[in-house]
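Engineer:
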Amino acid sequence: MEAEPPLYPVAGAAGPQGDEDRLGVPDGPEAPLDELVGAYPNYNEEEEERRYYRRKRLGVLKNVLAASAGGTLTYGVYLGLLQMQLILHYDETYREVKYGNMGLPDIDSKMLMGINVTPIAALLYTPVLIRFFGTKWMMFLAVGIYALFVSTNYWERYYTLVPSAVALGMAIVPLWASMGNYITRMAQKYYEYSHYKEQDEQGPQRRPPRGSHAPYLLVFQAIFYSFFHLSFACAQLPMIYFLNHYLYDLNHTLYNVQSCGTNSQGILSGFNKTVLRTLPRSRNLIVVESVLMAVAFLAMLLVLGFCGAAYRPTEEIDLRSVGWGNIFQLPFKHVRDFRLRHLVPFFIYSGFEVLFACTGLALGYGVCSVGLERLAYLLVAYSLGASAASVLGLLGLWLPRPVPLVAGAGLHLLLTLSLFFWAPAPRVLQHIWILYVAAALWGVGSALNKTGLSALLGILYEDKERQDFIFTIYHWWQALAIFAVYLGSSLPMKAKLAVLLVTLVAAAASYLWMEQKLRRGVVPRQPRIPRPQHKVRGYRYLEEDNSDESDVESERGGGGGGGGRGDGVEEEVLPAGPRVGPEPACPYEQALERDRSEER
121 MEAEPPLYPV AGAAGPQGDE DRLGVPDGPE APLDELVGAY PNYNEEEEER
171 RYYRRKRLGV LKNVLAASAG GTLTYGVYLG LLQMQLILHY DETYREVKYG
221 NMGLPDIDSK MLMGINVTPI AALLYTPVLI RFFGTKWMMF LAVGIYALFV
271 STNYWERYYT LVPSAVALGM AIVPLWASMG NYITRMAQKY YEYSHYKEQD
321 EQGPQRRPPR GSHAPYLLVF QAIFYSFFHL SFACAQLPMI YFLNHYLYDL
371 NHTLYNVQSC GTNSQGILSG FNKTVLRTLP RSRNLIVVES VLMAVAFLAM
421 LLVLGFCGAA YRPTEEIDLR SVGWGNIFQL PFKHVRDFRL RHLVPFFIYS
471 GFEVLFACTG LALGYGVCSV GLERLAYLLV AYSLGASAAS VLGLLGLWLP
521 RPVPLVAGAG LHLLLTLSLF FWAPAPRVLQ HIWILYVAAA LWGVGSALNK
571 TGLSALLGIL YEDKERQDFI FTIYHWWQAL AIFAVYLGSS LPMKAKLAVL
621 LVTLVAAAAS YLWMEQKLRR GVVPRQPRIP RPQHKVRGYR YLEEDNSDES
671 DVESERGGGG GGGGRGDGVE EEVLPAGPRV GPEPACPYEQ ALERDRSEER
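This is the structure in structure tokens:
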């Protein structure tokens, strides 16, 4: 019986062709060394490089989708729980039967105050937190705080609801600033991975051309806001599938309501104090809250497991090494930039319009005339209109930059003027289609506003050293506007519409003025970002080529990384005198020798 040939030829053994293989290369001891340790003969370096960067681009798309889905689930859970909680606590019978004299209205007012007032101080700590934790981990921690707020609703007491609301208010601006910064960084990384050949030719220290990442940024912002605006529809699922079965119809809840729309005063004046026909069982409430808690936990896992880092580790070190005092001051120093000053009215209007959609339009015009049971469907119409219209942000790829922002402002201007002269009659359903159309069109304007502003900031401020400051300023002004709406909730509807109209006109005029200045070539005055000052005395920072040098530093330093003070390396003066022993060969041994000299 013949023995089977081995699966792999034995080294040095003569095969069927003697001492040569099929390619005519001698085998055994006479084989050339390059054939044994050389590269794989069929290896195609260009093809492998192309596959590598394709995987990198797919990873960036995965990061954008994960961040978008995480933000959608987080805000869907938060808004849905808050809406259901406020409706339940508004009902007199529910408060007396479930909680007695615990004072739920007072707890709710303190909770809303914590959510709306706390972000005022966000400008002081947001950049420090983002630089300390990093962009991805700041997103994860902020989403975790939203999940904490959801978990406190299992035991509704003053000492659970109010502290969690204050913590949530502290996390609003950091979450949004890190989200905006993250999407912008993903667009820049996608450009790098798509044009890797050009960067190899230019050199690693050369920055890409200004505005080169803008097309990718417009696409990513459209994807993000298409997902995010769906959170308003997701928030209505508890209302549609659970709470609507317990609500009275409009003939009961609107019995004492006399005027709606532009003639209304405050929020739902004359609305009935009892809105629930039957009280929901505690077990059913626990099931709904458990589902919301599970979704919030899923959002945390999405951000943690599927969102990659926004910066390389060396870039993270550089961002922290500019000094915590400088990080604290830089958001205030950016006020000297005329572009930000001109965009502040738009930042404020961005906060006004989203709160008006949820309170003024949905409550003052919608619930006041067609009943609480149709609130969810009005907000779904707003959500779907905004989500679908976020794709219109891609018009910036072909049209001039101001077109999407000005188009959204013009649409809101027409709607605001129309609402200024419309007062729907209470308990009349004939005009309900007008409400749905108005809600959907307002969502279209909101989508153009949000995608346009976020993309504009990412295009104007490309430096990775200042993007977190810019988005912090944007969302801080937005939070201030939301706080102003909270304070003015008892104003007449005509006053709210007038403030909205004046802010909108001022925002559009200021933005167009800014664009005109840029076309004239006016150079904005930006604060200088300090160079990183590394405190670590290790071999990494003693190399001749500073691997932690940022792109801005390389431009200022002439494109090359040289050692010495210019690279942020702390140089130490060795004591004079002859050196005992041989000269250390590597930088790590040099650092050890310097430490020994200092000790001596």
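Residue numbers (our numbering): 121 to 720. Positions of the beta carbon are idealized from the N, C-alpha and C atoms, including for glycine.
Helix, strand or coil: which one does DSSP assign to L388?
Structural biologist: coil
Engineer: Would you say G528 and C380 are within 9 Å of each other, going by their C-beta atoms?
Structural biologist: no
Engineer: How should E503 be labelled, buried or exposed, when 16 other C-beta atoms within 10 angstroms of its C-beta is the threshold for buried?
Structural biologist: Going by the sequence as given, residue 503 is Ser instead of Glu. Buried, by the Cβ-count rule.
Engineer: Check each candidate in M413, T571, P465, L535 and name the one with the smallest Cα separation from T382.
Structural biologist: Comparing Cα-Cα distances from T382 to each of M413, T571, P465, L535, the minimum goes to L535.
Engineer: Run through DSSP, which three-state label would G688 get?
Structural biologist: The pLDDT assigned to G688 is 35, lower than 50, so where the model puts this residue is not dependable, and the model offers no usable value.
Engineer: Mind checking whether F391 and L363 have CB atoms under 9 Å apart?
Structural biologist: no
Engineer: Please state whether DSSP places P225 in a helix, a strand or coil.
Structural biologist: helix
Engineer: Jot down the residue ranges of each uninterrupted alpha helix (DSSP H) in the region 401-487, minimum 4 residues, whole runs only, in chain order.
Structural biologist: Taking only runs of at least 4 residues, the alpha helix (DSSP H) segments lying wholly in the region 401-487 are 402-426, 433-440, 444-453, 458-475.
Engineer: Terminal residues of the continuous alpha helix (DSSP H) containing A287?
Structural biologist: 278-314
Engineer: Nearest by alpha-carbon distance to A342: which of T592, R305, V184 is it?
Structural biologist: Cα-wise, what sits closest to A342 is V184.
Engineer: Would you decide whether K317 is buried or exposed? Buried here means 16 or more other CB atoms lie within 10 Å of its CB.
Structural biologist: exposed
Engineer: I'd like the span of the alpha helix (DSSP H) that includes I649, first residue to last.
Structural biologist: Here I649 belongs to no alpha helix (DSSP H), and DSSP marks it neither H nor E.
Engineer: Which residues mark the beginning and the end of the alpha helix (DSSP H) in which A529 is found?
Structural biologist: Per DSSP, the unbroken alpha helix (DSSP H) holding A529 starts and ends at 522-540.
Engineer: With a floor of 3 residues, list each beta strand (DSSP E) that falls wholly inside the region 196-251, ordered by position along the chain.
Structural biologist: Those beta strand (DSSP E) runs which fall completely within the region 196-251 and span 3+ residues do not exist here.
Engineer: Which whole-angstrom value is the C-beta distance of W596 and V293, which I expect to be below 8 Å?
Structural biologist: Contact holds; Cβ gap of about 6 Å.
Engineer: Would I265 and D588 be called neighbours here (beta carbons separated by less than 9 Å)?
Structural biologist: Not in contact: I265 and D588 (Cβ atoms no closer than 9 Å).
Engineer: Given a threshold of 16 other Cβ atoms within 10 Å of its Cβ, counted over all protein chains shown, does S441 qualify as buried or as exposed?
Structural biologist: S441 should be labelled buried.
Engineer: Using alpha carbons as the reference points, say which of M231, L350, M258 lies closest to Y245.
Structural biologist: Of the candidates M231, L350, M258, the residue whose Cα lies closest to the Cα of Y245 is M258.
Engineer: Which word fits Q449, buried or exposed, when buried means at least 16 other C-beta atoms lie within 10 angstroms of its C-beta?
Structural biologist: exposed
Engineer: Quick check: what's the CA-CA separation for A543 versus V605?
Structural biologist: CA-to-CA, the gap between A543 and V605 works out to about 21 Å.
Engineer: Just the Cα atoms here: how many angstroms apart are G683 and F417?
Structural biologist: Per-residue confidence for G683 stands at a pLDDT of 38, beneath the threshold of 50, marking its modelled position as unreliable; the derived number appears in the next sentence. Going by the C-alpha atoms only, they are around 47 Å apart.
Engineer: Does the region 509-519 come close enough to the region 633-642 to have 3 or more Cβ pairs within less than 8 Å?
Structural biologist: no
Engineer: Would you mind listing the alpha helix (DSSP H) stretches within the region 563-649 that are 4+ residues and don't spill past its ends, in chain order?
Structural biologist: 587-607, 613-640
Engineer: Please report the distance separating the alpha-carbon of E167 from that of G641.
Structural biologist: 44 Å
Engineer: For C488 and R648, I'd like the C-alpha separation in whole angstroms.
Structural biologist: 53 Å
Engineer: Where does the unbroken alpha helix (DSSP H) through G254 begin, and where does it stop?
Structural biologist: Neither: G254 is in no alpha helix (DSSP H) and is coded neither H nor E.
Engineer: Check whether the region 406-413 touches the region 261-275, counting contact only when three or more Cβ pairs, one atom from each stretch, lie closer than 8 Å.
Structural biologist: yes
Engineer: For S574, count neighbouring Cβ atoms within 10 angstroms of its own Cβ and tell me buried if that reaches 16, exposed if not.
Structural biologist: buried
Engineer: Tell me, to the nearest whole angstrom, how far the beta carbon of D369 is from that of G254; I am working on the premise that it is less than 8 Å.
Structural biologist: Cβ atoms of D369 and G254 stay farther apart than 8 Å, at about 51 Å.
Engineer: For the structure I just gave you, are there three or more beta carbon pairs, one from the region 207-227 and one from the region 578-588, closer than 8 Å?
Structural biologist: Too few Cβ pairs lie closer than 8 Å, so no.
Engineer: In three-state DSSP terms, what is G135?
Structural biologist: Interpretation of G135 is limited by its pLDDT of 48, a score under 50 that renders its predicted location unreliable; the figure taken from the coordinates is listed afterwards. G135 falls in the strand class under three-state DSSP.
Engineer: For F348, name the three-state secondary structure that DSSP assigns.
Structural biologist: helix
Engineer: Count the other C-beta atoms from every protein chain shown that fall within 10 angstroms of the C-beta of Q653, then say buried if there are 16 or more, exposed otherwise.
Structural biologist: exposed
Engineer: As a quick exercise: from F260, F340, I387, pick the residue whose alpha carbon is nearest that of L181.
Structural biologist: F340
Engineer: Note down, in chain order, each residue of its chain lying with its Cβ closer than 8 Å to the Cβ of G179, except the 5 sequence neighbours on either side.
Structural biologist: G428.
Engineer: On the premise that P644 lies in contact with F458, defined as a C-beta separation below 8 Å, what is that separation, rounded to the nearest angstrom?
Structural biologist: Rounded, the Cβ-Cβ distance is 6 Å, consistent with contact.
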